[in-house]
Amino acid sequence: MFLLNVCTTLIAVGAVVSLGKMPKLFDRFEKWVYYMVILIAIEQLHSAIVDNFKLIQFAESFWAFYFYKLNQILIFPIGTLWLLVPIFQANTRFLIKILYIGIWFSALTGSYHLFQFFGILTLTGWNIGYSMVIWYTALLELTCFCLVFRKMLGKCDGHDPLPT
Numbered sequence: 002m003f004l005l006n007v008c009t010t011l012i013a014v015g016a017v018v019s020l021g022k023m024p025k026l027f028d029r030f031e032k033w034v035y036y037m038v039i040l041i042a043i044e045q046l047h048s049a050i051v052d053n054f055k056l057i058q059f060a061e062s063f064w065a066f067y068f069y070k071l072n073q074i075l076i077f078p079i080g081t082l083w084l085l086v087p088i089f090q091a092n093t094r095f096l097i098k099i100l101y102i103g104i105w106f107s108a109l110t111g112s113y114h115l116f117q118f119f120g121i122l123t124l125t126g127w128n129i130g131y132s133m134v135i136w137y138t139a140l141l142e143l144t145c146f147c148l149v150f151r152k153m154l155g156k157c158d159g160h161d162p163l164p165t
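Just so you know, the working numbering puts 73 at position 72 of the sequence shown, and the rest follows in order with no gaps.
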C-alpha cells in the first residue's frame, strides 16, 4: 500500500506540474476556476449519490482513504481539465473530441474497479450506470459553466466550438 501511495503522490505532483504545460487556451485564472468547479461537482455528486445510497464501503486504513482522496481531489479534476483542451479547441475534429471523452469515461469508470482490486474500497451496489451518471453530470456541469464563463470573459468570439 505504501508503494501505491508513493506512486499516486508522484502522479498527482506530475498532474499539478502539467497544468503549467497546458496549451494557452485557458489563462491561469480560468484553470483555477474550472478546477474548483469540477472539484465541487465531483464532491457534491459523490456526497449525493455514493454516500447517501451507501454504494461504496472504504477500507479502514488511512492510506486507503488517502489514495482515494488524492485521486478524487487532484488526479480526476486535473484529468478533466486536460479533457477541456480538445473540447474547446476549434481545430480539433468532432470524432477526436468524442474519442477523448470516451477514453475519459472509460478511465474514470474503470478506476472504481481498480480501487476495488487494490483493496481501497468495496463496491456495495455500485455499477457502471452510477459511474456514468456521476461522470457525465460532472462533465456536463463543467462544460456548461465553462461556456458561460468564457462568454463572460469575452472569449467566445468564434474560437469556441459552440456559436454564441
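All C-beta atoms in this analysis are idealised placements derived from N, C-alpha and C, irrespective of residue type, glycine included.
Would you call the region 106-114 and the region 128-138 in contact, with 3 or more CB pairs under 8 angstroms?
-> By the criterion of at least three beta-carbon pairs nearer than 8 angstroms, the region 106-114 is in contact with the region 128-138.
Any idea which residues DSSP pairs K58 with across the strands?
-> Here residue 58 refers to the residue found at position 57 of the sequence shown. Inspection of the sequence shows that residue 58 is occupied by Gln rather than by Lys. Bridge partners of Q58: T123.
F66: first and last residue of the uninterrupted alpha helix (DSSP H) it sits in | Within the sequence shown, residue 66 is the residue found at index 65, counting from 1. Residues 63-71.
Once you ignore the five residues that flank V38 on each side, which residues in its own chain have a CB closer than 6 angstroms to its CB?
-> Against the sequence shown, residue 38 aligns to sequence position 37. Listed in chain order, the non-local C-beta contacts of V38 below 6 angstroms within the same chain comprise L143, F146, local neighbours out to five positions each way being set aside.
Where W83 and E44 are concerned, what is the direct C-alpha to C-alpha distance, given to the nearest angstrom?
-> Walking along the sequence shown from the start, residue 83 turns up at place 82. Walking along the sequence shown from the start, residue 44 turns up at place 43. Their Cα atoms are separated by approximately 19 angstroms.
With DSSP as the reference, label F27 as helix, strand or coil.
-> Within the sequence shown, numbered from 1, the residue matching residue 27 stands at position 26. In the structure shown, F27 sits in coil (DSSP, three-state: anything other than H, G, I, E or B).
Kindly examine the ligand SAH and report whether one of its heavy atoms sits closer than 6 angstroms to the Cβ of R94.
-> Within the structure as shown, the ligand SAH is missing, as the structure has no ligands at all.
Buried versus exposed, by CB contacts within 10 Å (16 or more), F59 | For the purposes of this step, residue 59 is identified with residue 58 of the sequence shown, where counting begins at 1. By the 10 Å Cβ count, F59 comes out exposed.
Using DSSP with H/G/I as helix, E/B as strand and the rest coil, what is K22?
-> The residue given as residue 22 occupies position 21 in the sequence shown. K22 falls in the helix class under three-state DSSP.
In or out: P164 buried (at least 16 other Cβ within 10 Å) or exposed?
-> As a working note, residue 164 is residue 163 in the sequence shown. Per-residue confidence for P164 stands at a pLDDT of 49, beneath the threshold of 50, marking its modelled position as unreliable; no derived number is given.
Check R151 in the structure and name its three-state DSSP category.
-> For the purposes of this step, residue 151 is identified with residue 150 of the sequence shown, where counting begins at 1. Residue state, collapsed to three classes: helix.
Helix or strand or just coil, what does DSSP make of K156?
-> Stepping through the sequence shown from its first residue, residue 156 is reached at position 155. In the structure shown, K156 sits in coil (DSSP, three-state: anything other than H, G, I, E or B).
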